[in-house]
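Engineer: In the numbering used here, the protein residues as written are 800 to 1680. Glycine included, each C-beta is placed from N, C-alpha and C at the ideal position.
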Amino acid sequence: MRTETPAEIRLEDYRPSAYAIDKVDLDIRLAPKAAKVRARLSVNRRDGTAPGTPLVLDGDDLKLVGLKLDDVVLGADAFEATPDRLEIVAPPADPFMLEIVTELDPDANSKLMGLYRSSDTYCTQCEAEGFRRITYFLDRPDVLSVYTTRIEARRTEAPVLLGNGNLTATGDVPGTDRHFAVWHDPHPKPSYLFAMVAGDLALVEDSFTTASGREVKLGIYVEHGNEERCGWAMDCLKRSMRWDEEAFGLEYDLDVFNIVAVSDFNMGAMENKGLNIFNDKYVLADPDTATDQDYANIEGVIAHEYFHNWTGNRITCRDWFQLCLKEGLTVFRDQEFSSDQRSRPVKRISDVRLLKSHQFPEDAGPLAHPVRPRLYQEINNFYTATVYEKGAEVVRMLKTFLGDEAFAAGMALYFRRHDGEATTIEAFLSCFAESSGQDLTQFALWYEQAGTPVIDVDSRYDAGTRQFVMHIRQQVPPTPRQPEKQPMAIPLRIGLVGPNGEDLEYGGIGGVDVEGDVLRIAEAEHKIVISDVAVKPIPSLLRNFSAPVLLESNLGEDDLLFLARHDRDPFNRWQALQTVALQALIAGASAAVEGRTPDADPQLIEAFASVAGDESLDPAFRALALQLPGEADIAREIGSDVDPDAVAAARNHLRRTTADSLRSTFRRQFEALRDGENYSPSAAQAGIRALRNTLLEYLAHATGGAEGDLVRKHFEAADNMTDRYAALNMIVHAGLEGRDAALSRFYDRHRNHALAIDKWFTVQATAGHADTLDKIRALTAHPAFSFGNPNRVRALIGAFATGNQTQFNRIDGAGFDFVADTVLALDERNPQVAARLLSAFRSWRALEPVRRAAAERALRKVEAKQNLSRDVQDIVSRSLQ
Ligand code: ARG
Ligand code: ZN
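Below, the structure written as structure tokens:
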């Protein structure tokens, strides 16, 4: 057992800092094992701070080698320094200059926070608290400073030197083999947005002219040899810049915008001012190594980081509790961008699928937390699906609740009023309260209350009175530290679908406040009466997923299948079919637990056949409609005493019976569809490939591997990664003949492309077979595997823990033990990646008793280890609470 409990940081303890740092001058002299950083900080006592108040700066693992105040060396009794903290005991009352020299070892930095090296390139990651690993600082987002950065390195080692803002000087250091560059960023920013990069990198250049005529130089820096794979990212960047001007009236504000791709990165990407640093998987793409999904992800992440320039950088967070202020809002913005670039309904369905598969389980387990937490031990553990994805849903609901106009006016007011500030959720919401004249007090509960609300709708038509009556009840489940909940403000978009499939007209809606076709649910219970409804309708509820809730209703399978065919809301067409499939799968899982074969549902299979063949529908939509809910989604819906083997059995059974009964139809459709002569990542082509691969996946799982030849041919003939990787997954997961041969062909073809080799690891890690864990163990000794590269760890072990329900949750506990041991080994090297991996246990309490006990043993073993990082300690203690 660990003795000391790490400190909890609380929102209500927020106080402004005693001092401000208006200017930061950095001089960074790079060397692999001993880099020197001289920081000159212009420090100001804030109004209200008593003269002589100590100045306490944050540090993390720092080595102090020099300290001056107003150019005078500080005596030993004037300061206290540890690796984690620097205190100036009695600073001057007037503004002063503090000069701090630290020495860093970038090569030894395996946490990938602060200054580190990735394949010989020097780079930085400072969000959330990495700047304190570079120099002592007030490392908090409400301290905004103007940065000037001089970077110096050996010219051969690092011909490219990049910083935030605009380049102001370059030159050689006389008499040495070194050179330097000076970058100046005129926009005051918090330390988490600081970045520098130095290395031998190739540049792909372009330019963009803003709406007001400013010429911006665009650069993407990559390892030599990757220049050809940057075209898509550059295209996405230019489209993002244009879109933010058109959709929000927001222009870029510097002369340069640079993106650097590195291969060792803890997260997806980082929005440092004018110098975004990316995990290379969100930059590099060509048809041979990237799937359509990769292309779509790159588009989303490039846009996301670019959009942060306004939502995050120009307007930043007052403290880390406000993380969703920038993240939820920026996800909302990148979702809107992708919707405008592609098909809006398809994008919405994909986003909701992601929300339900990642955020809903988080919200239902021990790691549940509000969109704006009030308490944390380690902020890096709060870059979660709840803060990002649910945070985006809250912004979307605001738009649904207030209507487009009031929402747009609120956004405009936010940008006008808070530009240049570090602010809060309250300030954000005030802008919308003002623009709409609405009271948003209850709406604000979305930021405060964790847990997914459950909405129960019981509705009936009365032919005599021509009334449609809905009883609506809401309930928010208890979550850690929040046993009691208040009713939420929930926008419920509805329509009444008539017998011919068209929306019915109605008289009025009583019993609830209404905005267009949106019911503003506010109470625990509503009785809603819709008058003058001519015939019995089928209600289409929660259209376009108007709120992140779980919906229960008294609609039967026939009603849902009717909606699946006719609803004019495409989202609900998809959802209706998913609901029917989910109900069948839940029944199938109970049957499997009892040792029975699940009943076939001919109506469901018939509905699949009809969507598959409906050429009036977008192929991408048809593909989504045909995809069965995942094993984790079914488990989440079951909620307790889950037996993952039974869930998988039910799902495999439905997939096989569908494949067997629709085999010739699916095969004919597969053969008839054509994605085009030359590969393009366009939404249209990608949709056709998605549909073909979805049909083929069914065929791959037909009884006895009957369509094995077709799948192997698809693999061999593929001229792009989408088809090749889809086919490989089918061959490996369906256990088709030729599995080993296909795996080695894939490996040999892509051995020099790390991102493709990640896929090779993932396909093996996600096979639901009894020998998978042994294979994974063996793969950790493969020469291409490394615990030092986060993408590789996630590709093999992360994919196993989150994407392999039956084998991670093995009844003998071996899957849990393997992941727990990996977390412990990894924690010494990289706590962030270790903690993220451990969060795969988030649904352990919902398992049946034998597996639950095994999961708890594995978690207890992690908990018992001495000297855990704060990251892992935080996740393990909350998981067990
Ligand atoms: N702000 C970055 C993004 O959204 C995420 C950075 C998170 N980094 C971390 N170490 N927690 O895109
Ligand atoms: Zn972000």
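Quick test of your reading: F1560 and R1628, contact by CB under 8 Å. State the CB separation rounded to the nearest angstrom.
Structural biologist: In fact, because the Cβ distance is near 18 Å, the residues do not count as touching under 8 Å.
Engineer: Going by DSSP in three states, A1411 sits in which element: helix, strand or coil?
Structural biologist: Three-state result, A1411: helix.
Engineer: Would the C-beta of H983 count as close to ligand 2, meaning under 7 Å from any of its heavy atoms?
Structural biologist: Because no heavy atom of ligand 2 lies under 7 Å away, the Cβ of H983 does not count as near it: no.
Engineer: Among G1486, Q1484 and A889, which residue has its Cα nearest to the Cα of Y818?
Structural biologist: The option with the nearest alpha carbon to Y818 is A889.
Engineer: Please report the straight-line C-alpha distance between R1656 and L1074, rounded to a whole angstrom.
Structural biologist: In a straight line, the C-alpha of R1656 is about 45 Å away from that of L1074.
Engineer: Taking DSSP as the reference, what is the three-state secondary structure of I1437?
Structural biologist: It is helical.
Engineer: Taking only the alpha-carbon atoms, compute the straight-line gap between E1135 and I1114 and give it to the nearest angstrom.
Structural biologist: Whole-angstrom Cα-Cα distance: 20 Å.
Engineer: Which class does Y921 belong to by DSSP, given the choice of helix, strand or coil?
Structural biologist: Looking at Y921 - three-state DSSP - the assignment turns out to be strand.
Engineer: How far does the alpha helix (DSSP H) with I1556 in it extend, from its first residue to its last?
Structural biologist: Note, I1556: alpha helix (DSSP H), A1553 to A1564.
Engineer: Determine which residues share a DSSP beta bridge with D857 and list them.
Structural biologist: Its beta-bridge partners are R884 and F936.
Engineer: Check each candidate in G1209, G1219 and A1363 and name the one with the smallest Cα separation from C1230.
Structural biologist: When each option's Cα is compared against that of C1230, the closest is G1209.
Engineer: Below 8 Å between beta carbons: does that hold for E1247 and R1171?
Structural biologist: In contact: E1247 and R1171 (Cβ atoms closer than 8 Å).
Engineer: My guess is that R1450 and L1384 are in contact by the Cβ rule of under 8 Å, so how many angstroms apart are they, rounded?
Structural biologist: Confirmed, Cβ separation roughly 6 Å.
Engineer: By Cβ distance, which residues of its chain are closer than 7 Å to V1311, with the 5 residues on each side in sequence left out?
Structural biologist: Once the five neighbours on either side are set aside, the close Cβ partners of V1311 are L1318, R1319, I1320, H1325 and I1327.
Engineer: If you follow the beta strand (DSSP E) that H1325 is in, where does it begin and where does it stop?
Structural biologist: Note, H1325: beta strand (DSSP E), E1324 to I1329.
Engineer: Roughly how far, in whole angstroms, is the beta-carbon of T1090 from the beta-carbon of T1521, given that I think they are within contact range, below 8 Å?
Structural biologist: With 8 Å as the limit, T1090 and T1521 qualify as a contact, their Cβ atoms being about 4 Å apart.
Engineer: Shorter than 7 Å, the distance from the beta carbon of Y1182 to the closest heavy atom of ligand 1, or not?
Structural biologist: For ligand 1, at least one heavy atom lies less than 7 Å from the Cβ of Y1182.
Engineer: Would C1116 pass as a contact of P1347 if the rule is Cβ separation under 8 Å?
Structural biologist: No, Cβ-Cβ distance for C1116 and P1347 is not below 8 Å.
Engineer: Go ahead and pull the three-state DSSP assignment for S1275.
Structural biologist: It should be pointed out that residue 1275 corresponds to Val in this sequence rather than to Ser. The answer is coil: DSSP assigns V1275 none of H, G, I, E or B.
Engineer: Shortest alpha-carbon distance to A1408 belongs to which of R1462, A1390, V1592 and R1372?
Structural biologist: When only C-alpha atoms are compared, the closest one is R1462.
Engineer: Could you give the uninterrupted runs of the alpha helix (DSSP H) lying entirely in the stretch 1436-1499, keeping only those of 4 residues or more?
Structural biologist: Counting whole runs of 4 or more residues, the stretch 1436-1499 contains the alpha helix (DSSP H) stretches 1443-1460, 1462-1471 and 1482-1499.
Engineer: When the distance is taken between beta carbons, is I820 closer than 8 Å to L840?
Structural biologist: The answer is yes: Cβ separation under 8 Å.
Engineer: So, helix, strand or coil for N1075, using DSSP?
Structural biologist: DSSP places N1075 in strand when its eight states are reduced to three.
Engineer: Would you call the CB atoms of A1380 and L1362 closer than 8 Å?
Structural biologist: Against a cut-off of 8 Å, the Cβ pair of L1362 and A1380 comes out as no contact.
Engineer: By DSSP, does V1334 sit in helix, in strand, or in coil?
Structural biologist: Coil, per DSSP.
Engineer: Are the CB atoms of T920 and V1061 within a distance shorter than 8 Å?
Structural biologist: Yes. Within cutoff.
Engineer: Would you call the stretch 1629-1645 and the stretch 1668-1676 in contact, with 3 or more CB pairs under 8 Å?
Structural biologist: Because the criterion of three Cβ pairs below 8 Å is met, the stretch 1629-1645 and the stretch 1668-1676 touch.
Engineer: With burial defined as no fewer than 16 other Cβ atoms inside 10 Å of the residue's Cβ, what is the status of T802: buried or exposed?
Structural biologist: In this prediction, T802 scores a pLDDT of 43, lower than 50, which makes its location untrustworthy; the coordinate-derived value is nonetheless stated afterwards. Per the 10 Å Cβ criterion, exposed.
Engineer: Taking the alpha carbon of L1049 as the reference point, which residue from E1022, Y1105 and K832 has its own alpha carbon closest?
Structural biologist: Taking only the C-alpha atoms, the option nearest L1049 is Y1105.
Engineer: Reducing DSSP to helix, strand and coil, say where S1345 ends up.
Structural biologist: Note: S1345 maps to coil in three-state DSSP.
Engineer: Nearest by alpha-carbon distance to D1459: which of L1495, D1440, K1198 and T1251 is it?
Structural biologist: Closest option to D1459, Cα to Cα, is L1495.
Engineer: Just the Cα atoms here: how many angstroms apart are A997 and E956?
Structural biologist: Going from the Cα of A997 to the Cα of E956 covers about 8 Å.
Engineer: Could you compute how far the alpha carbon of M800 sits from the alpha carbon of D1547?
Structural biologist: Bear in mind that the predicted position of M800 carries a pLDDT of just 40, short of 50, making it unreliable; the figure below should be weighed with that in mind. Distance between the alpha carbons of M800 and D1547 is about 47 Å.
Engineer: Along the chain, where does the alpha helix (DSSP H) containing E1506 start, and where does it finish?
Structural biologist: First-last for E1506: undefined, no H or E at that position.
Engineer: Could you tell me the distance, in whole angstroms, from the CA atom of R1292 to the CA atom of L1124?
Structural biologist: If you take the alpha carbons of R1292 and L1124, they lie about 25 Å apart.
Engineer: So, do the stretch 1137-1150 and the stretch 1212-1222 have three or more beta carbon pairs nearer to each other than 8 Å?
Structural biologist: Verdict: no, contact absent.
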